[in-house]
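Below is one structure; the comments refer to it alone.
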Amino acid sequence: MAILVTGGAGYIGSHTCVELLEADYEVVVVDNYYNSVPEVLNRVEKITGKKLKSYDCDIRDKEGLRKVFSENKIDAVIHFAGLKAVGESTKLPLTYYDNNISGSVVLFEIMNEFNCKKIVFSSSATVYGNNPIPYKEDMPTGDVSSPYGRTKHFIEKILEDVYASDNEWSISLLRYFNPIGAHSSGLIGEDPNGIPNNLMPYISRVAIGKLPQLTVFGGDYDTKDGTCIRDYIHVVDLAKAHLCAVAKIMDSTGCEAYNIGNGVGYSVLDIIHAFEKASGKALNYVIGDRRAGDLPAFYADAAKANTELNWHAELGIDKMCEDTWNFQTKNPDGIK
Ligand code: NAD
Ligand code: UDP
Numbered sequence: 015m016a017i018l019v020t021g022g023a024g025y026i027g028s029h030t031c032v033e034l035l036e037a038d039y040e041v042v043v044v045d046n047y048y049n050s051v052p053e054v055l056n057r058v059e060k061i062t063g064k065k066l067k068s069y070d071c072d073i074r075d076k077e078g079l080r081k082v083f084s085e086n087k088i089d090a091v092i093h094f095a096g097l098k099a100v101g102e103s104t105k106l107p108l109t110y111y112d113n114n115i116s117g118s119v120v121l122f123e124i125m126n127e128f129n130c131k132k133i134v135f136s137s138s139a140t141v142y143g144n145n146p147i148p149y150k151e152d153m154p155t156g157d158v159s160s161p162y163g164r165t166k167h168f169i170e171k172i173l174e175d176v177y178a179s180d181n182e183w184s185i186s187l188l189r190y191f192n193p194i195g196a197h198s199s200g201l202i203g204e205d206p207n208g209i210p211n212n213l214m215p216y217i218s219r220v221a222i223g224k225l226p227q228l229t230v231f232g233g234d235y236d237t238k239d240g241t242c243i244r245d246y247i248h249v250v251d252l253a254k255a256h257l258c259a260v261a262k263i264m265d266s267t268g269c270e271a272y273n274i275g276n277g278v279g280y281s282v283l284d285i286i287h288a289f290e291k292a293s294g295k296a297l298n299y300v301i302g303d304r305r306a307g308d309l310p311a312f313y314a315d316a317a318k319a320n321t322e323l324n325w326h327a328e329l330g331i332d333k334m335c336e337d338t339w340n341f342q343t344k345n346p347d348g349i350k
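Each residue of the sequence shown is one higher than the one before, counting from 15 in this note's numbering.
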């Protein structure tokens with residue numbers, strides 16, 4: 015069975031390619047390398063000892079995608095490709111709407127043209143906005159605070175409409191919580207360009223001496239230690255959820271959302287302390303101002319994914335930190 019992985023050279027995509035190859039799927043990657051490098055795919059092959067096929071192609075390029083679908087019999091798509099920096103999206107909303115939404119529409123059109131109607135889409139817990147916690151899939155969505163979050167909400171709605179118009183489609187909307195960690199080989203991991211926006215890559219760059227100090231965004235929230243609470247999930251557990259979702263869409267039709275999180279909330283200070291333990295280093299940090307748009311606390315109710323996808327997160331916070339540190343020390347200058 016052949017799976018097209020858009021954005022397959024990225025952080026979550028590359029870990030998913032590893033799991034797909036190890037489960038004997040054929041893998042075809044489409045990536046424009048806007049936020050990744052082709053070397054990542056060599057490393058995926060090195061980890062698995064298996065080959066994948068890749069195309070340097072933008073998902074907005076209809077002809078390019080047509081070529082991919084003409085040259086490969088694609089059974090299902092896992093759609094990761096997209097821009098994901100929340101802050102940047104407030105400054106460049108049109109870039110985000112064009113890349114994420116227009117790109118997705120082109121992809122869905124080409125899928126339709128080639129009668130490929132099975133897709134797993136990378137959505138985000140951000141679609142829940144201000145709902146009570148833990149988040150459940152049947153809560154109202156869309157009250158989101160950034161253009162990035164709105165792209166996820168709109169694409170979910172577009173896919174719901176696609177299914178409503180044609181019940182042959184089989185669609186899985188995976189709402190990710192906070193993926194961190196890396197493959198245990200240390201060959202692939204999160205490698206953002208420039209100064210990281212997210213907590214974990216920031217911490218690991220401070221620990222390795224590439225950045226001087228971490229600022230904890232807010233110490234006066236109404237939480238157990240004053241810092242924000244999130245549901246961190248090991249990227250390998252997240253990657254495995256995609257295989258469960260592929261199995262599900264292969265023998266059913268519909269459009270279903272699933273929370274992919276641990277169901278456990280950790281504070282920023284919990285993560286810092288777990289990282290200090292894993293790395294054996296004291297982290298230089300300071301408590302600073304709140305970051306605009308941050309919610310105090312959210313985590314998943316993952317019961318639906320547990321029962322309907324038969325997926326369970328297995329790796330805890332210590333392993334998340336160990337694997338991040340292993341990747342960082344093996345790749346102090348990132349993946350070139
Ligand atoms: P990433 O930036 O590492 O990977 C995305 C990949 O898509 C990159 O390789 C990039 O080059 C590629 N890409 C971007 N636009 C493209 C386009 N127009 N055509 C072809 N390729 C394109 O990001 P990630 O962390 O692996 O996230 C993957 C998906 O999961 C994204 O859609 C993201 O919004 C979503 N998501 C991520 C998180 C997170 O915290 N990492 C949380 C929730 C949802
Ligand atoms: N955070 C922080 N300092 C940083 C980056 C993030 O204190 O340099 C906090 C942020 O306020 C949030 C948590 O870490 O509470 C996770 O942030 P991240 O950007 O990784 O993910 P988000 O939950 O915002 O999607």
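By construction, the Cβ of each residue, glycine as well, lies at the ideal position given by its N, Cα and C atoms.
| message | Given the structure, does V44 come close to the ligand NAD, in the sense that its CB is under 7 angstroms from one of the ligand's heavy atoms? | response | Answer for V44: yes, Cβ within range of the ligand NAD.
| field | Any non-hydrogen atom of the ligand UDP within 7 angstroms of R394 CB | value | This structure does not reach residue 394, given that the chain is present from 15 up to 350, and the question cannot be answered.
| query | F231: beta carbon under 7 angstroms from a heavy atom of the ligand NAD? | reply | Result no, Cβ not under 7 angstroms from the ligand NAD.
| query | Can we count I209 as close to the ligand NAD, meaning its CB is less than 7 angstroms from some heavy atom? | reply | No, the Cβ of I209 stays beyond 7 angstroms of every heavy atom of the ligand NAD.
| task | Taking only heavy atoms of the ligand NAD into account, decide whether any of them is closer than 7 angstroms to the Cβ of K98. | result | At least one heavy atom of the ligand NAD lies closer than 7 angstroms to the C-beta of K98.
| query | Among residues of its own chain, excluding the 5 on either side of I124, which ones have a beta-carbon nearer than 7 angstroms to its beta-carbon? | reply | Taken in chain order, the residues that qualify are K76, L79, R80, F83.
| field | Y235 vs P310 beta-carbon contact at 8 angstroms | value | In this structure, P310 lies closer than 8 angstroms to Y235 by Cβ.
| Closer than 7 angstroms: D308 CB and nearest the ligand UDP heavy atom | Taking 7 angstroms as the cut-off, one finds at least one heavy atom of the ligand UDP near enough to the beta carbon of D308.
| Start and end residues, beta strand (DSSP E) containing V158 | Element bounds for V158: n/a, residue is neither H nor E.
| query | Using 8 angstroms as the threshold, is the segment 330-348 in touch with the segment 267-285, meaning 3 or more CB pairs across them? | reply | Using a C-beta cut-off of 8 angstroms, the segment 330-348 makes contact with the segment 267-285, since at least three inter-stretch Cβ pairs fall below that distance.
| said: Quick check on G5: does DSSP put it in helix, strand or coil? | reply: A question about residue 5 goes unanswered here, because the residues of the chain that appear run from 15 up to 350.
| request: Quick one: residues in its chain with C-beta nearer than 7 angstroms to the C-beta of A296, no 5 flanking neighbours on either side, listed in chain order? | output: Excluding positions up to five away in sequence, the list reads E290.
| Per DSSP, H248 is paired with what? | Per DSSP, I194.
| Taking one C-beta from the segment 35-50 and one from the segment 62-70 each time, how about it: are there three or more such pairs within less than 8 angstroms? | Yes, they touch.
| task | Under 8 angstroms by Cβ, that's how I've got W325 and T267 pegged, so tell me the actual separation to the nearest angstrom. | result | A Cβ-Cβ separation of about 20 angstroms leaves W325 out of contact with T267 under the 8 angstroms criterion.
| query | How is E114 classed by DSSP in three states: helix, strand or coil? | reply | With the sequence shown as reference, residue 114 is identified as Asn, and Glu is not the correct amino acid for it. DSSP places N114 in the helix class (H, G or I) of the three-state scheme.
| task | Determine contact between the segment 126-133 and the segment 106-118, defined as no fewer than three beta-carbon pairs at a distance below 8 angstroms. | result | Counting C-beta pairs closer than 8 angstroms gives fewer than three between the segment 126-133 and the segment 106-118, which falls short of the contact rule.
| message | Let me check one thing: in DSSP terms, what residues is L18 bridge-paired to? | response | Answer is V42, V91, bridged to L18.
| Residue burial classification, P161 (beta-carbon count within 10 angstroms, cutoff 16) | With 16 or more other Cβ atoms within 10 Å, it is buried.
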